[in-house]
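In our numbering, each number is its position in the sequence shown, counted from 1, plus 435. For reference, the structure is listed below as structure tokens.
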Amino acid sequence: MSAWGLSEVERRLANMVKIGVISAVDHDAKKIRVEAGGMNSAWLPWPVEMGRNFKRWRPLRQGQQVVMVAPSGELAQATVIGMLYSSSLDAPDTNPDLDLVLFEDGTRCQYNSAAHQLDVDLGTSSLTMNRGSITLESNGSTIEMDAAGIRLNGARIDLN
């Protein structure tokens, strides 16, 4: 094999799996460019979460670390197969019992499988549900429901 052929094989092998950072995002086209090793990729489709009964829209962002796979070693044909946490975009928690979605405005939606509890917190309003009760709070007023009954607490309660 010639020196050129060997270097071409080495280049393709080195490009088969790359870790890079999203450098540009086109939300309308659902495509991203990834910078890896000083080179920018072509526009690539991003990974989706889709099942039989759901589709999830998860907008990606610049600076997010990703793993690309290019089976032929050509980055123009690469596919992003996953995302990684990084020092600039770290995990919002480390509790292994917690499934958590944390939004930029501070809104949290989490399920703790050990406690069997679902919490949604929007700042001034929240919802907590577990196997024994539901509590809804908003701006100082609460509704609590459990086996003992329903309790309403607020500055004013109107019943129709």
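Glycine residues also receive a C-beta, built at the ideal position from the N, C-alpha and C atoms. These numbers come from a predicted model, not from an experiment.
Between the C-alpha atoms of residue i and residue j, what's the straight-line distance to the nearest angstrom?
i, j, result
"Leu553", "Asp534", "9 Å"
"Trp492", "Gly440", "43 Å"
"Arg446", "Phe489", "39 Å"
"Ser442", "Leu448", "10 Å"
"Arg591", "Glu470", "57 Å"
"His462", "Asn595", "46 Å"
"Gly472", "Leu557", "40 Å"
"Ala526", "Gln545", "14 Å"
"Asp593", "Ser523", "48 Å"
"Pro482", "Ala549", "30 Å"
"Thr529", "Asn547", "12 Å"
"Glu509", "Met485", "27 Å"
"Ala464", "Met474", "21 Å"
"Ser437", "Trp478", "33 Å"
"Ser521", "Thr570", "36 Å"
"Asp532", "Arg543", "15 Å"
"Ala582", "Val555", "22 Å"
"His551", "Arg487", "26 Å"
One question on the structure: do residue i and residue j come within less than 9 Å of each other, judged by their Cβ atoms?
i, j, result
"Leu495", "Ile454", "no"
"Ile578", "Arg586", "yes"
"Gln580", "Ser561", "Rather than Gln, the amino acid found at residue 580 in this sequence is Met. No, the Cβ-Cβ distance between Met580 and Ser561 is not below 9 Å."
"Gln497", "Ala459", "yes"
Since residue i and residue j should fall inside the 8 Å C-beta cutoff, what is the C-beta to C-beta distance between them, to a whole number of angstroms?
i, j, result
"Ser576", "Gly589", "3 Å"
"Ser573", "Thr559", "7 Å"
Taking the beta carbon of residue i as the centre, do at least 16 other beta carbons fall within 10 Å, making it buried, or is it exposed?
i, result
"Gln499", "buried"
"Ile467", "buried"
"Ser476", "buried"
"Val444", "exposed"
"Val501", "buried"
(Q) With three or more beta-carbon pairs closer than 8 Å as the criterion, would you say the segment 505 to 524 touches the segment 535 to 549? (A) no
Q: Report yes or no: do three or more beta-carbon pairs, one from the segment 508 to 522 and one from the segment 442 to 454, lie closer than 8 Å?
A: yes
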